[in-house]
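Data block below; observations after.
Number of protein chains: 2
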Amino acid sequence: MGTRTAEVMAAIRARVASRALASGDRLPSIRTFAAVMDVSPSTVVEAYDRLAAEGLIRARPGSGFYVSTIAPPLTLAETGPKLDRALDPFWVSRQSLDADPAVAKPGCGWLPADWMPNDALRRAVRRLARADDAVLADYGATRGPLALRRLLSRRFAGEGLEAGPDQILLTGSGTQAIDLICRFLVRPGDAVLVDDPSYFNFQALLRAHQATIVGVPYTPAGPDVERFVEAATVHRPRLYITNSALHNPTGATLSPQTAHRLLNAAAAHDMTIVEDDIFADFEPEPSPRLAALDGLSRVIRIGSFSKTLSASIRCGYIAARPDWIEALIDLQVATSFGGVSPVAAELVLAALSDGSYRKHLEALRRRLARARRDTAASLRMLGISPWLLPRGGFYLWCGLPDGRDAAAVARAALRENVLLAPGDVFSVSQTATGFMRFNVAQMSDARIFAVLERVLRASEREASAQAGGSLRAAR
Amino acid sequence: MGTRTAEVMAAIRARVASRALASGDRLPSIRTFAAVMDVSPSTVVEAYDRLAAEGLIRARPGSGFYVSTIAPPLTLAETGPKLDRALDPFWVSRQSLDADPAVAKPGCGWLPADWMPNDALRRAVRRLARADDAVLADYGATRGPLALRRLLSRRFAGEGLEAGPDQILLTGSGTQAIDLICRFLVRPGDAVLVDDPSYFNFQALLRAHQATIVGVPYTPAGPDVERFVEAATVHRPRLYITNSALHNPTGATLSPQTAHRLLNAAAAHDMTIVEDDIFADFEPEPSPRLAALDGLSRVIRIGSFSKTLSASIRCGYIAARPDWIEALIDLQVATSFGGVSPVAAELVLAALSDGSYRKHLEALRRRLARARRDTAASLRMLGISPWLLPRGGFYLWCGLPDGRDAAAVARAALRENVLLAPGDVFSVSQTATGFMRFNVAQMSDARIFAVLERVLRASEREASAQAGGSLRAAR
Chain F
1 MGTRTAEVMA
11 AIRARVASRA
21 LASGDRLPSI
31 RTFAAVMDVS
41 PSTVVEAYDR
51 LAAEGLIRAR
61 PGSGFYVSTI
71 APPLTLAETG
81 PKLDRALDPF
91 WVSRQSLDAD
101 PAVAKPGCGW
111 LPADWMPNDA
121 LRRAVRRLAR
131 ADDAVLADYG
141 ATRGPLALRR
151 LLSRRFAGEG
161 LEAGPDQILL
171 TGSGTQAIDL
181 ICRFLVRPGD
191 AVLVDDPSYF
201 NFQALLRAHQ
211 ATIVGVPYTP
221 AGPDVERFVE
231 AATVHRPRLY
241 ITNSALHNPT
251 GATLSPQTAH
261 RLLNAAAAHD
271 MTIVEDDIFA
281 DFEPEPSPRL
291 AALDGLSRVI
301 RIGSFSKTLS
311 ASIRCGYIAA
321 RPDWIEALID
331 LQVATSFGGV
341 SPVAAELVLA
351 ALSDGSYRKH
361 LEALRRRLAR
371 ARRDTAASLR
381 MLGISPWLLP
391 RGGFYLWCGL
401 PDGRDAAAVA
411 RAALRENVLL
421 APGDVFSVSQ
431 TATGFMRFNV
441 AQMSDARIFA
451 VLERVLRASE
461 REASAQAGGS
471 LRAAR
Chain L
1 MGTRTAEVMA
11 AIRARVASRA
21 LASGDRLPSI
31 RTFAAVMDVS
41 PSTVVEAYDR
51 LAAEGLIRAR
61 PGSGFYVSTI
71 APPLTLAETG
81 PKLDRALDPF
91 WVSRQSLDAD
101 PAVAKPGCGW
111 LPADWMPNDA
121 LRRAVRRLAR
131 ADDAVLADYG
141 ATRGPLALRR
151 LLSRRFAGEG
161 LEAGPDQILL
171 TGSGTQAIDL
181 ICRFLVRPGD
191 AVLVDDPSYF
201 NFQALLRAHQ
211 ATIVGVPYTP
221 AGPDVERFVE
231 AATVHRPRLY
241 ITNSALHNPT
251 GATLSPQTAH
261 RLLNAAAAHD
271 MTIVEDDIFA
281 DFEPEPSPRL
291 AALDGLSRVI
301 RIGSFSKTLS
311 ASIRCGYIAA
321 RPDWIEALID
331 LQVATSFGGV
341 SPVAAELVLA
351 ALSDGSYRKH
361 LEALRRRLAR
371 ARRDTAASLR
381 MLGISPWLLP
391 RGGFYLWCGL
401 PDGRDAAAVA
411 RAALRENVLL
421 APGDVFSVSQ
431 TATGFMRFNV
441 AQMSDARIFA
451 VLERVLRASE
461 REASAQAGGS
471 LRAAR
């Protein structure tokens with residue numbers, strides 16, 4: 001297809017996207033649009049025919065072309081900026097969820113199954129086999145079972161966050177918790193702030209809500225507050241989504257000063273904050289929380305048990321203002337009928353209440369501390385440097401040796417059955433090209449380091465060959 | 001608050017809703033708008049102050065009022081037409097999900113827990129306790145476990161529907177399946193057809209997507225095809241959502257002729273059909289299915305196991321075109337990370353594969369046939385007449401004795417701890433005021449009929465008293 005045809009197609013697509021041409025409208029005549037675009041009529045004919053084949057427009061014989069009355073389906077992988085598929089936020093998710101067992105997954109976002117409290121889970125399952133018929137067969141209450149909400153309420157009180165069981169809504173997962181909040185607060189085109197870098201699925205989720213995603217540069221003490229205020233002023237965002245403790249992907253912790261200034265900035269710009277606390281149980285000691293500082297006035301706390309208990313037993317939660325919880329319940333009933341599965345809530349409650357859970361967490365923290373230290377040392381041997389050494393959790397956010405393109409490295413490694421998480425999938429501004437997120441719990445296989453070394457060496461040769469090529473071309 | 005103030009507020013709200021006044025725009029000055037609305041300036045001041053208190057607009061001192069840059073949250077119970085709360089689609093859902101155990105629930109949409117295959121469920125749970133760590137602790141594949149998709153694929157083949165395991169996507173519930181499809185295909189303002197009457201949560205879900213909901217009158221053989229074509233022509237809908245077999249709330253079955261004509265109409269108007277097959281296992285023998293006739297070209301099949309297996313173990317499915325499944329996977333990853341819980345899928349698979357499941361279904365069908373017959377007889381004694389006698393399932397769609405308002409009857413019954421489902425919650429056009437949906441499996445308690453009789457008698461007295469009152473008033 002010629003460039004001119006593509007330009008004509010792009011011009012029509014832009015007019016449809018901006019609603020300058022609405023559903024059912026007649027397109028400009030071939031002759032008119034050829035003059036507008038300064039192309040030949042045959043180019044416009046080809047462009048219109050191709051758009052008709054795609055379904056965006058339709059020909060009515062003897063009358064011209066019309067915008068189809070049916071909007072094209074929302075395909076997320078294409079609605080964001082044009083990215084190489086390896087840099088798409090879905091790439092890492094789908095590759096890691098659907099990976100063959102032969103693939104090592106230092107790029108994934110969870111612990112290996114044998115690091116999880118499986119004995120406690122099995123005890124919870126055996127207990128479930130003796131539960132009432134209603135637990136096994138019935139729908140649950142709209143907020144989720146009271147016993148689990150009470151337990152969460154007590155845990156929150158322990159960190160200074162007052163939230164009664166009625167202020168807690170159990171959901172199908174942590175992601176579903178944020179999704180419900182977005183349904184409630186975010187309309188297409190609304191601006192939403194996220195950290196840059198931040199968890200890639202925040203971007204995917206916000207694309208599904210057709211939000212305008214604005215990145216705020218992240219520092220080792222939290223988001224850069226000046227840039228946060230700047231973004232708030234320019235974009236008037238509806239929402240800011242963040243992890244305060246053990247931030248994904250950097251492992252950083254929000255400082256008290258940053259937390260205080262952030263909350264003031266959010267208040268000045270009338271912004272809601274979603275604090276995703278999914279990594280809380282990995283912390284060696286508690287760190288500042290926006291929800292606790294704010295008292296759930298403009299902060300919504302969400303979380304889940306996928307990282308420390310089970311990702312198979314799906315359960316998330318929202319703690320928020322009572323009037324918001326009411327509206328969120330309606331939304332959850334409308335869009336998934338029940339919220340959390342009562343069976344799942346029962347298993348989570350039993351496992352969390354199991355005497356062994358606290359010990360499991362302590363052992364897990366020690367094990368992860370060792371894994372972070374050892375992995376950091378091994379990565380440094382390859383010239384890969386952690387941006388900081390996190391206080392807890394399983395992520396290391398690392399700079400690659402100079403000039404290396406993390407996406408190219410990730411693609412090459414996947415050919416050798418090692419799944420990596422290249423920096424730009426976390427970066428709204430696409431400025432983390434030289435970074436990579438490593439999951440230290442998924443790196444016990446020495447093969448991973450061998451592949452990394454080989455792939456980095458090859459990318460070095462490629463980089464210098466390309467530099468040589470450009471030099472030659474420049475001569 | 002005066003009527004004039006309310007009118008001014010409504011006028012501003014309408015301008016904001018239609019974007020005639022966009023986010024950040026300055027409102028007309030007090031003086032100007034008082035002239036426009038033909039009211040006193042103080043009325044406009046009061047209206048603006050009230051709107052500012054609600055957060056829709058904001059005052060900037062010395063500069064006037066501006067539309068808040070933050071859209072109001074989406075509260076579903078208010079976004080539909082103004083309805084009495086008893087007629088709100090959420091009323092029945094929330095009342096029945098959160099009902100006190102003392103409340104009898106002939107209005108709810110599920111079987112009592114002790115009618116479910118609890119022995120098979122317990123066997124499945126005990127088996128789960130011996131599963132691999134990965135099943136208990138890990139995320140699952142994006143489509144859901146292959147074994148369950150294979151089983152569904154074989155079941156579909158048995159009814160003449162070809163859908164390989166890759167064309168099947170497991171979801172968190174049947175409602176989530178439809179929700180994902182709406183995210184994929186429906187944009188705010190798009191028209192969607194539903195049967196009138198139809199399952200009330202279709203309306204709730206479509207409100208969450210801000211779709212325009214268009215009802216098509218339902219006949220004992222399926223939707224009225226002429227009215228369907230009329231609605232398709234006028235509203236150019238994106239989607240039609242229906243139950244073909246054992247339609248909710250009527251229990252009717254789609255006839256082969258209606259199915260064929262519907263598909264042709266959908267093709268002529270380039271419409272997608274979602275066929276919700278959740279009641280399939282209650283059918284004594286198979287009836288026509290749009291998905292089978294169409295071969296999953298423009299029909300999407302969805303379903304779940306909540307009605308015949310367990311509503312606690314959440315699992316739904318989508319069978320659709322392969323390219324659509326790919327896009328739906330991205331949407332599901334973005335909005336709930338994993339799809340179905342692997343633990344839930346394992347339990348469903350084990351229970352469906354249990355030798356006892358088929359026998360359970362046979363016994364259940366016989367038990368329901370008796371309950372339908374007995375309940376219909378008891379209801380007729382109270383002057384309540386089934387619209388038709390369904391071939392299967394647990395619903396009876398009934399006309400109340402003449403002139404009775406089902407919503408008033410439902411409100412009165414709830415005061416006596418009996419939850420009913422009044423007709424208009426199912427009706428987009430609000431023309432089922434004299435109808436009620438009864439769940440025959442939830443009516444073994446004789447108290448229900450006593451309450452019904454009492455409440456009907458009281459509403460009769462009320463109706464005649466009102467008639468008398470109007471007569472007196474007219475004199």
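Heads up: the protein sequence lines correspond to chains F and L, in order.
Quick note on numbering: full-length UniProt numbering labels position 333 of the first sequence as 333, and the sequence is numbered without any gaps.
Quick note on numbering: full-length UniProt numbering labels position 56 of the second sequence as 56, and the sequence is numbered without any gaps.
Beta carbons: idealized from backbone N, C-alpha and C, even for Gly.
- Task: Identify which residue in F:R391, F:D323, F:F282, F:L379 has its Cα closest to the Cα of L364 of chain F.
- Result: F:F282
- Residues that W397 of chain L bridges to, as DSSP identifies them: In the DSSP assignment, W397 of chain L forms a beta bridge with L:R437.
- Query: Say the cut is 6 Å; is the CB of V234 of chain F nearer than that to a heavy atom of the ligand GTP?
  - Reply: With respect to the ligand GTP, the structure offers nothing, as it holds no ligand at all.
- Would you mind telling me which residues of chain L sit closer than 9 Å to M116 of chain F, beta carbon to beta carbon, in chain order? D133, L136, A137, D138
- Query: Would the beta-carbon of V8 of chain L fall within 7 Å of that of A47 of chain L?
  - Reply: A47 of chain L sits close to V8 of chain L, with the two beta carbons spaced by under 7 Å.
- Label T79 of chain L either buried or exposed according to how many other C-beta atoms from any shown protein chain fall within 10 Å of its C-beta, with 16 as the threshold for buried. For T79 of chain L, the predicted structure reports a pLDDT of 43, less than 50, and the residue's modelled location is therefore unreliable. A value from the coordinates is still provided. That one is exposed.
- Task: Let me know if T250 of chain L comes out buried or exposed under the rule of 16 or more other beta-carbons within 10 Å of its beta-carbon.
- Result: buried
- Name the chain L residues that come within less than 8 Å of D330 of chain F, Cβ to Cβ? What D330 of chain F touches in chain L, judged by beta-carbon distance under 8 Å, is T75, L76, A77, F90, R94, A204, going in chain order.
- Query: Going by alpha carbons, who is nearest to A291 of chain F out of F:D402, F:E285, F:I273?
  - Reply: F:I273
- Message: Can you check whether the C-beta of D179 of chain L is within less than 7 Å of a C-beta belonging to chain F?
- Response: For D179 of chain L, the answer is yes, since a Cβ of chain F falls inside 7 Å of its Cβ.
- Validate contact between the segment 226-243 of chain L and the segment 118-129 of chain L using beta carbons, cut 8 Å, 3 pairs: no
- Message: Tell me the residue span of the alpha helix (DSSP H) that contains E226 of chain F.
- Response: 225-235 is the span of the alpha helix (DSSP H), which, as asked, contains E226 of chain F.
- Query: Can you name, in chain order, every residue of its own chain whose Cβ lies under 7 Å from the Cβ of L136 of chain L, other than the five neighbours on each side?
  - Reply: V343
- Would you verify that the beta carbon of P342 of chain F is, or is not, closer than 7 Å to some beta carbon of chain L? yes
- Item | Separation of D323 of chain L from D330 of chain L, as counted between CA atoms | The alpha-carbon separation between D330 of chain L and D323 of chain L amounts to approximately 11 Å.
- Let me know if M271 of chain L comes out buried or exposed under the rule of 16 or more other beta-carbons within 10 Å of its beta-carbon. It counts as buried.
- Delimiting residues of the alpha helix (DSSP H) encompassing A59 of chain F: According to the DSSP assignment, A59 of chain F belongs to no alpha helix (DSSP H) but to the beta strand (DSSP E) extending over 57-60.
- Kindly indicate if chain L contains any beta-carbon less than 7 Å away from that of R15 of chain F. So, not an interface residue.
- Query: Is the Cβ-Cβ distance between L419 of chain F and F184 of chain F less than 7 Å?
  - Reply: no
- Message: Taking beta-carbon pairs under 8 Å, can you tell me which members of the segment 204-235 of chain L lie near chain F?
- Response: The segment 204-235 of chain L vs chain F, Cβ under 8 Å: A204, L205, R207, A208.
- Nonlocal neighbours in the same chain, by C-beta distance under 8 Å from L382 of chain F, ignoring five residues either side: P401, F449, L452, E453, L456
- Is it buried or exposed for V16 of chain F, if we count other Cβ within 10 angstroms and need 16 for buried? buried
- Whose C-beta lies closer than 7 Å to the C-beta of L263 of chain L among residues of the same chain, with five residues either side of it excluded? L290, L293, D294
- Message: Please tell me whether L128 of chain L has its Cβ less than 7 Å away from any Cβ of chain F.
- Response: So yes, L128 of chain L belongs to the interface.
- Message: From the DSSP secondary-structure annotation, give me the bridge partner or partners of S304 of chain L.
- Response: Bridge partners of S304 of chain L: L:G316.
- Contact under 7 Å by Cβ, residue 551 of chain F with N439 of chain F: Nothing can be reported for residue 551 of chain F: it is not among the residues displayed for chain F, which extend from 1 to 475.
- Looking at the C-beta of I300 of chain F, does it have a partner C-beta in chain L at a distance below 7 Å? no
- Task: Quick one: residues in its chain with C-beta nearer than 7 Å to the C-beta of C398 of chain F, no 5 flanking neighbours on either side, listed in chain order?
- Result: L379, I384, S385, P386, W387, F435, M436, F438
- Task: Only counting runs of 3 or more residues, tell me where the beta strand (DSSP E) segments fall wholly within the segment 144-174 of chain L, in order along the chain.
- Result: 168-171
- So, does the CB of F184 of chain L fall closer than 7 Å to a CB anywhere in chain F? yes
- Message: What does the alpha-carbon distance come out to for the pair G144 of chain L and L170 of chain L?
- Response: If I take the Cα positions, the gap works out to 5 Å.
- Message: Please confirm whether A102 of chain F has its beta-carbon closer than 7 Å to some beta-carbon of chain L.
- Response: With 7 Å as the cut-off, A102 of chain F does not count as an interface residue toward chain L.
- Task: In angstroms with no decimal places, state the Cα-to-Cα distance between S93 of chain F and F426 of chain F.
- Result: In a straight line, the C-alpha of S93 of chain F is about 12 Å away from that of F426 of chain F.
- Query: Are any of the Cβ atoms in chain F nearer than 7 Å to that of L97 of chain L?
  - Reply: yes
- With a threshold of 16 other CB atoms inside 10 Å of the CB of P223 of chain L, please say whether the residue is buried or exposed. buried
- Going by C-alpha distance, which of L:I181, L:A113, L:F305, L:Y317 is nearest A211 of chain L? L:I181
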